[in-house]
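Worksheet for the structure shown next.
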Amino acid sequence: MTRRVATLDDVARAAGVSLQTVSRVLNSPNKVAARTQDAVHKAMRELHYVPNRSAQLLAGKVLPAIGLISASLTLHAPSQIAASVKTHPQARGLDVSIAMLNQADYGALQAALAECRAQNIGGAIVNLPLESAMAEQLARDNPDIHCLFLDVPPDSDVASLLFDHQQGCRAIVDHLWGLGHREFGFLAGPESAISARLRLHAWRDALHRNGGHQAITAFGDWSAGSGFIRTVEMLAQQPTLSAIVVANDQMALGVLSALAQLDRREISVTGYDDTPDSQYFQPALTTVAQDFRLLGERAVALLAEPARHHHRLPTRLIVRQSTAPKASAAPRDTLIAQIKALARQL
0 MTRRVATLDD
10 VARAAGVSLQ
20 TVSRVLNSPN
30 KVAARTQDAV
40 HKAMRELHYV
50 PNRSAQLLAG
60 KVLPAIGLIS
70 ASLTLHAPSQ
80 IAASVKTHPQ
90 ARGLDVSIAM
100 LNQADYGALQ
110 AALAECRAQN
120 IGGAIVNLPL
130 ESAMAEQLAR
140 DNPDIHCLFL
150 DVPPDSDVAS
160 LLFDHQQGCR
170 AIVDHLWGLG
180 HREFGFLAGP
190 ESAISARLRL
200 HAWRDALHRN
210 GGHQAITAFG
220 DWSAGSGFIR
230 TVEMLAQQPT
240 LSAIVVANDQ
250 MALGVLSALA
260 QLDRREISVT
270 GYDDTPDSQY
280 FQPALTTVAQ
290 DFRLLGERAV
300 ALLAEPARHH
310 HRLPTRLIVR
320 QSTAPKASAA
330 PRDTLIAQIK
340 ALARQL
């Protein structure tokens, strides 16, 4: 037997309010007390009420919504942020309009904000790597849309919500230094990525603070494949590396694969993000956790604040089996022969 579809009248009766109040909650929530909104949203969830969007649009009603302008959702961090941003507004009866851009092109960003404007969206979360000048210009050119940026330099004159990369990167380097490691490889993300540059600078600062200077740097593209290739290249340049610090978990997966093929499992490896799969890598990955659920929740809440505040979220080190005290080095000639053999296969 097919279940009858709940109507607005059903929602009003279950919430103990008038039909007009339910309509205001859907279309003008800022005019309704928070307690009343909660009662209406609770009734909608219990009745599995689904708004008739076509009817609302034909009636000229504005659907309350926020915008999300994101990098490719094929990457872990953007997909997790998008999932969180979708979840929290829905609990409040808001819709989310997502625009996915391949690159941070100003024209494409303006087009995405124009689409937000066409939908009467007054707030947008921008999760693309933007230099300060572009982010600030975007905010100036669109004063009617409150933009919150998730991947900009910390000193940008815009509203931003960023993770504390200094905290996470310092914890990684301090952890490895305490295990006796002195020769580091830093595998950063693309040089065009703001977060990749921030992490690289923070690693170097932490290394210098500990009194270390032995580190080589390579840049990947966030993929496991680039992690594999850059590992072979770094070890060819510096066979005695004892620790490789990686800018995300996906590249770290490639690093671990390369080290296994080279039989260099004694090299410690750290990642960044704490993806759900990282604890099942072989070995389980030591990494920095970023709470994307909290990021989405805070980002949605901050859209209601028009001020250009800078907000930081904490990170924390998760220690697993991919890091260990520095092992005794194998003979240099043996290491070089192993690396050259693998390089010929690439």
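Using numbering that gives the first Met the number 0, the first residue of the sequence shown is number 0, and each one after it goes up by one.
From the three backbone atoms N, C-alpha and C, an ideal C-beta is built for every residue, glycine too.
Residue i vs residue j beta-carbon contact at 8 Å
{"i": "ALA111", "j": "ALA98", "result": "yes"}
{"i": "LEU234", "j": "LEU252", "result": "no"}
{"i": "ALA303", "j": "ALA246", "result": "no"}
{"i": "ALA13", "j": "ALA42", "result": "yes"}
{"i": "ALA283", "j": "ARG315", "result": "no"}
{"i": "ASP163", "j": "PRO313", "result": "yes"}
{"i": "ILE193", "j": "VAL151", "result": "yes"}
{"i": "LEU301", "j": "LEU147", "result": "yes"}
{"i": "ILE317", "j": "ASP248", "result": "no"}
{"i": "PRO189", "j": "ASP156", "result": "no"}
{"i": "LEU178", "j": "THR285", "result": "no"}
{"i": "GLY15", "j": "ALA38", "result": "yes"}
{"i": "PHE291", "j": "ALA76", "result": "yes"}
Alpha carbon of residue i to alpha carbon of residue j, nearest angstrom
{"i": "VAL268", "j": "VAL31", "result": "52 Å"}
{"i": "THR35", "j": "LEU74", "result": "39 Å"}
{"i": "ALA123", "j": "GLY226", "result": "33 Å"}
{"i": "THR86", "j": "PRO324", "result": "41 Å"}
{"i": "ARG264", "j": "GLN165", "result": "28 Å"}
{"i": "GLU182", "j": "LEU161", "result": "30 Å"}
{"i": "SER78", "j": "THR6", "result": "33 Å"}
{"i": "ASP9", "j": "ILE243", "result": "59 Å"}
{"i": "GLY211", "j": "HIS180", "result": "10 Å"}
{"i": "LEU46", "j": "ALA11", "result": "11 Å"}
{"i": "ILE144", "j": "GLY121", "result": "5 Å"}
{"i": "TYR105", "j": "ALA113", "result": "12 Å"}
{"i": "ALA214", "j": "HIS40", "result": "54 Å"}
{"i": "ASP154", "j": "SER83", "result": "26 Å"}
{"i": "LEU93", "j": "ALA217", "result": "43 Å"}
{"i": "SER222", "j": "LEU129", "result": "21 Å"}
{"i": "ALA298", "j": "LEU72", "result": "18 Å"}
{"i": "ALA138", "j": "ALA326", "result": "51 Å"}
{"i": "PHE185", "j": "GLN278", "result": "21 Å"}
{"i": "VAL24", "j": "PRO142", "result": "26 Å"}
{"i": "THR20", "j": "TYR271", "result": "47 Å"}
{"i": "MET250", "j": "SER22", "result": "49 Å"}
{"i": "ARG44", "j": "HIS207", "result": "54 Å"}
{"i": "GLN289", "j": "GLU232", "result": "29 Å"}
Chain B contact for residue i (CB, 8 Å cutoff)
{"i": "ARG297", "result": "You won't find chain B in this structure, because it holds only one protein chain."}
Own chain partners of residue i with C-beta closer than 7 Å, once the 5 adjacent residues on each side are dropped
{"i": "CYS168", "result": "ARG198, ALA201, TRP202 and ALA205"}
{"i": "GLN118", "result": "ALA64 and SER96"}
{"i": "LEU293", "result": "LEU312"}
{"i": "GLN236", "result": "ILE215"}
{"i": "ILE266", "result": "LEU240, SER241, ALA242, ILE243 and LEU258"}
{"i": "CYS115", "result": "GLY66, SER96, ALA123 and ILE144"}
{"i": "GLY224", "result": "GLY253"}
{"i": "SER191", "result": "PRO128"}
{"i": "GLN136", "result": "none"}
Proximal residues to residue i (C-beta, below 8 Å), its chain only, five neighbours per side dropped
{"i": "GLY59", "result": "Reliability fails at GLY59, whose pLDDT of 48 lies under 50, so the model's placement of it is uncertain and the value that follows must be treated cautiously. Answer for GLY59: no residue qualifies."}
{"i": "LEU100", "result": "ILE68, SER69, ALA70, ALA107, LEU108, ALA111 and LEU127"}
{"i": "ASP173", "result": "ALA205 and ASN209"}
{"i": "ASP140", "result": "GLN109"}
{"i": "SER17", "result": "ALA11"}
Residues near residue i in its chain [Cβ-Cβ closer than 6 Å; skip 5 each side]
{"i": "GLU296", "result": "HIS87"}
{"i": "ASN209", "result": "TRP176"}
{"i": "MET0", "result": "Confidence at MET0 is low in this model, with a pLDDT of 45, below 50, so the placement of that residue should be treated as unreliable; the coordinate-derived value is given next. Excluding sequence neighbours, MET0 sits near nothing in its chain."}
{"i": "TYR48", "result": "ALA5 and VAL10"}
{"i": "THR230", "result": "VAL254 and ALA257"}
{"i": "HIS310", "result": "LEU160"}
Rounded Cβ spacing between residue i and residue j (contact assumed at less than 8 Å)
{"i": "GLY287", "j": "ALA170", "result": "Note on identity: in this sequence residue 287 is Val, with Gly being the wrong assignment. That belief holds up - the Cβ atoms of VAL287 and ALA170 are roughly 7 Å apart, short of 8 Å."}
{"i": "PHE280", "j": "LEU255", "result": "6 Å"}
{"i": "ILE228", "j": "LEU149", "result": "The pair is not a contact, with the Cβ atoms about 29 Å apart (cut-off 8 Å)."}
{"i": "ALA134", "j": "HIS308", "result": "Actually they do not touch by this definition, with Cβ atoms about 14 Å apart."}
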